[in-house]
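For reference, the structure is listed below as structure tokens.
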Amino acid sequence: MKRGNWEIRDLPEMPFTLLIQKTDVSLIQHTRAVTRTALKIAEVLIKEYGKRVAINRDHLLAGAILHDVGKLFEYRREAGKFVKSRRESSSAPDLRAAFAAERGLRPRSSTSSPPTPRRATAPGGRSKRSSSTTPTL
Ligand SMILES: [Fe+2]
């Protein structure tokens with residue numbers, strides 16, 4: 004908020020995207036919708052797969068709430084309108100990386116392998132993994 008020179012009162016007016024000329028969906032409303040959707044998806048996964056899928060609710064909520072945090076850097080206000088920032092690099096991945104770096108989080112090494120996704124066993128499906136490899140979402 005501070006880095007983007009935003010005040011709390013700006014948030015309800017901030018659009019969720021600059022790609023649509025006129026939208027009445029705010030970033031706050033979009034973030035709330037994404038968060039509620041994520042919670043519903045988790046609810047369905049738990050109902051369908053039970054303990055075969057472990058969902059870290061804190062991570063889920065943090066990810067949903069912060070998924071568009073880069074827009075606070077990406078946007079600026081000019082003559083009352085929200086426009087794209089003139090910052091040197093304002094692509095979403097760059098902004099997220101800068102945001103994470105400021106908070107002491109390091110990016111994954113480009114030479115390291117991406118994390119191996121663990122597979123949940125679909126009902127009726129077969130898995131060679133033991134129950135101790137329950138995937139965490
Ligand atoms: Fe979004």
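Heads up, the numbering used here is the position in the sequence shown plus 3, with the first residue counted as 1.
Ideal Cβ positions, reconstructed from N, Cα and C, are used throughout, including at glycine.
Predicted, not measured: the structure shown is a model, and the values here were computed from it.
DSSP three-state assignment for V72, whether helix, strand or coil:
Three-state DSSP puts V72 in coil, outside helix and strand.
Which whole-angstrom value describes the C-beta separation of F76 and L21, a residue pair presumed to lie in contact below a C-beta threshold of 8 angstroms?
Taking the Cβ atoms as the reference, F76 lies roughly 13 angstroms from L21, outside the contact range of under 8 angstroms.
Pair within 9 angstroms by beta-carbon distance, M17 and K74
Yes, these two residues count as a Cβ contact at 9 angstroms.
Inter-residue spacing [alpha-carbon to alpha-carbon] between E105 and S88
Looking at the two C-alpha atoms, the distance is approximately 19 angstroms.
Give the range of the alpha helix (DSSP H) segment to which E51 is assigned.
Its alpha helix (DSSP H) spans residues L30 to Y52.
Using a threshold of 9 angstroms, state whether the C-beta atoms of I58 and T38 are closer than that.
Judged by their CB atoms, I58 and T38 are not nearer to each other than the 9 angstroms cut-off.
Where does G7 land, buried or exposed, given buried means 16+ other C-beta within 10 angstroms?
Taking all protein chains in view, the Cβ of G7 is crowded by 16 or more other Cβ atoms within 10 Å, so the residue is classified as buried.
Contact test: D71 Cβ vs ligand 1 heavy atom, cutoff 8 angstroms:
At least one heavy atom of ligand 1 is found less than 8 angstroms from the C-beta of D71.
Would you report the Cα separation of P117 and A100, rounded to the nearest angstrom?
Interpretation of P117 is limited by its pLDDT of 48, a score under 50 that renders its predicted location unreliable; no figure is taken from the coordinates.
Would you tell me roughly how many angstroms separate the C-alpha atoms of K43 and A36, rounded to the nearest one?
Spanning the two alpha carbons is a distance of roughly 10 angstroms.
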